[in-house]
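>
Number of protein chains: 2
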Amino acid sequence: MTTSENPVVILIADSQFLITESLKLILQNDGRFEANKIVTGKNEIIKALTNEKISLLIIDPSLTDLTGFSELKEIKISFPELKVVVLTNSLNKNELHELNTIGITNIILKTAEREEITEAINSALKGKKYYSNELMELLFDVGEKKNQGEDNGHLTGSELEIVRLIAEGLTTKEIAARKFISFHTVITHRKNIFRKLGVSSVSELLMYAIKSGWINMIEYHI
Amino acid sequence: MTTSENPVVILIADSQFLITESLKLILQNDGRFEANKIVTGKNEIIKALTNEKISLLIIDPSLTDLTGFSELKEIKISFPELKVVVLTNSLNKNELHELNTIGITNIILKTAEREEITEAINSALKGKKYYSNELMELLFDVGEKKNQGEDNGHLTGSELEIVRLIAEGLTTKEIAARKFISFHTVITHRKNIFRKLGVSSVSELLMYAIKSGWINMIEYHI
DNA sequence: TAAAAAATAACATATTTGTGGTATAGGAGC
DNA sequence: GCTCCTATACCACAAATATGTTATTTTTTA
């Protein structure tokens, strides 16, 4: 927090010009930070982290990999000392939990106010957690309105694959043909999926799947 | 373009702090503009447009109404001389065409580069059209991959309402009860919807509806 | 006001879904 | 070795869907 500490160098990894410009301004006006660097491509991130002494990385994960965060995970493993703030346009509950698992606990949305942004940065530097208000709500509505199903949400690999094929518009018969398995097996999978998720129709299933980020909507919605 | 013209006052209507901050910076550095004002609520927009001589409005429509753009339409009618640049996070093809119908032809995404932003503003002031590169692609893939249906995409009000009820997970019988119409009527609507959209299952219908922005995903995806 | 479009409704029928069971083989973990 | 989980598979049946065709009334629009 004071100038007597190690120099704080911040790396901003974001391809949105309008965002990086504002961030630069905020960090400059703060005065606590030694230098800031902006990278807009995924390759530059590793290079900068390797060659320079970076204290904090502010990153939009959509710059790297949108689903799975595997590259973000690798960064956290390669640079354990690095503090990370995730700054992104939108996150669903699945993604939020996944980031938590990786050890990223300072997450804000690009709709955040100035106070939230500085708070997230300060918390990250102190090793404290910080989440946007909107994300806190997401974290806490674990109970939720619907689904009285038992082990909600945890589908197996085959089950997830079938959800995606249903989303593509395939019928049970077509899914069986595509996967070279029996029609009856697909029926059983469907039953298990419905039971686990507490839904009883394709519509409800798809809404659940989209909400949870199981279906890649990128190709459907710009 | 020159200082001899009328003073150019720009109103920025956006609730994203990170965006308004950058815009302010860009406009300040440009030097051509007399004054800039930032509003973050929908009520302030009309007040500012009424009381001050605004040349250009840079607006994120999600500040007002996300679907239908009815408030944006009213603004265009009330202030015909006003130039408008729409700056938003995402748009689908339906929304893009709707904006076009209203007479808003300068549209860029918040992922735009500095050049695109200034170009959009300059074009708007000159009365010329400007669209982000990503949006141009959207405009031009009219042919598209699927759907060989006839009058694609244009559903009536009742049909759209039924699409939303299907998305809610209601069965045909339930929809009939909810709307106080015959089961057979709902069946007919479904048939017409499927024919118009070139789909043949609820899954395909929902994917189409989400892609087109007919279903409000806000409650499902933050 | 005449034509076009939308909303309403019905009948018939093949296909698909949703739901209740039961059952076996293979792998992971204790 | 034993148990839990997963993937596989089958039977049966009621409910719902998808598809075709036709037709009347109401609303919109040209």
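Top line first, the protein sequences correspond to chains A and B. Count along the first sequence from 1, add 12, and you get the number used in the working numbering. Count along the second sequence from 1, add 12, and you get the number used in the working numbering. Every residue, glycine too, gets a C-beta built ideally from N, C-alpha and C.
1) In the DSSP assignment, find the unbroken alpha helix (DSSP H) run with asparagine 55 of chain A in it and report its ends.
2) If you reduce the DSSP assignment to three classes, tell me which class asparagine 101 of chain A lands in.
3) Where does the unbroken alpha helix (DSSP H) through leucine 121 of chain A begin, and where does it stop?
4) In terms of residues, what are the limits of the alpha helix (DSSP H) holding leucine 177 of chain A?
5) Which of the three DSSP states, helix, strand or coil, is assigned to leucine 182 of chain A?
6) Is the shortest distance between the beta-carbon of glutamate 282 of chain B and the beta-carbons of chain A less than 7 Å?
7) In three-state DSSP terms, what is alanine 124 of chain A?
8) State buried or exposed for serine 212 of chain A, treating a residue as buried only when at least 16 other CB atoms are found within 10 Å of its CB.
9) Applying a beta-carbon distance threshold of less than 8 Å, which residues of chain B neighbour asparagine 101 of chain A?
10) Quick one: give me the first and last residue of the alpha helix (DSSP H) that isoleucine 222 of chain B is part of.
11) Under the rule that 16 or more other beta-carbon atoms within 10 Å means buried, what is isoleucine 24 of chain A, buried or exposed?
12) Asparagine 112 of chain B: which of B/Glu125, B/Ile227, B/Ser102 and B/Val98 sits nearest, CA to CA?
13) Inspect the beta-carbon positions of phenylalanine 29 of chain A and arginine 44 of chain B and report whether they are closer than 7 Å.
14) Helix, strand or coil for methionine 13 of chain A per DSSP?
15) What is the C-beta distance between leucine 94 of chain A and leucine 69 of chain A, in whole angstroms, given that I count them as a contact (C-beta under 8 Å)?
16) Is the segment 192 to 204 of chain A close to the segment 167 to 181 of chain A, with three or more CB pairs under 8 Å?
17) So which residues of chain A does leucine 84 of chain B contact, with C-beta pairs closer than 9 Å?
18) Alanine 47 of chain A: buried (16+ other C-beta within 10 angstroms of its C-beta) or exposed?
19) Which of the three DSSP states, helix, strand or coil, is assigned to valine 5 of chain B?
20) Answer yes or no: does any C-beta atom of chain B fall closer than 7 Å to that of glutamate 127 of chain A?
21) With H, G and I counted as helix, E and B as strand and the rest as coil, what does DSSP make of lysine 95 of chain A?
22) For alanine 179 of chain A, which residues in chain B fall below 7 Å Cβ to Cβ?
23) Just reading off the beta strand (DSSP E) that leucine 68 of chain B is part of, what are its end residues?
24) Any idea what DSSP makes of isoleucine 227 of chain B, helix, strand or coil?
25) State the start and end residues of the unbroken beta strand (DSSP E) segment that holds lysine 85 of chain A.
26) Tell me the residue span of the alpha helix (DSSP H) that contains isoleucine 31 of chain A.
27) So with CB distances below 7 Å, who are the chain A contacts of glutamine 28 of chain B?
28) Just curious, the beta strand (DSSP E) that valine 21 of chain A is in, first and last residue?
29) With DSSP run on the structure shown, which of helix, strand or coil describes lysine 49 of chain B?
30) Restricting to Cα atoms, I'd like to know which of B/Pro92, B/Ala124 and B/Lys185 is closest to glycine 139 of chain B.
31) As a quick exercise: from A/Ile71, A/Glu107, A/Gly53 and A/Leu37, pick the residue whose alpha carbon is nearest that of lysine 223 of chain A.
32) Could you check if phenylalanine 81 of chain B is buried or exposed, using at least 16 other CB atoms within 10 Å of its CB as the buried criterion?
Let's see:
1) 54 to 63
2) coil
3) Element bounds for leucine 121 of chain A: not the alpha helix (DSSP H) but the beta strand (DSSP E), 118 to 121.
4) 169 to 179
5) coil
6) Since the displayed chain B opens at 13 and closes at 234, residue 282 of chain B lies outside it and no answer follows.
7) coil
8) exposed
9) Asn101
10) 214 to 224
11) buried
12) B/Val98
13) no
14) Any reading at methionine 13 of chain A needs caution, since the residue's pLDDT is 46, under 50, leaving its predicted position unreliable; the model's value is listed next. In this structure, methionine 13 of chain A counts as coil in the three-state DSSP scheme.
15) 6 Å
16) yes
17) Result: empty, since nearest Cβ-Cβ is about 19 Å, beyond 9 Å.
18) exposed
19) What the structure shows of chain B is the stretch from 13 to 234, and residue 5 of chain B is not part of that stretch, so it cannot be assessed.
20) no
21) strand
22) Ser215 and Met219
23) 68 to 71
24) coil
25) Here lysine 85 of chain A belongs to no beta strand (DSSP E); instead the alpha helix (DSSP H) covers 82 to 90.
26) 29 to 42
27) Lys122 and Thr123
28) 21 to 25
29) strand
30) B/Pro92
31) A/Glu107
32) buried
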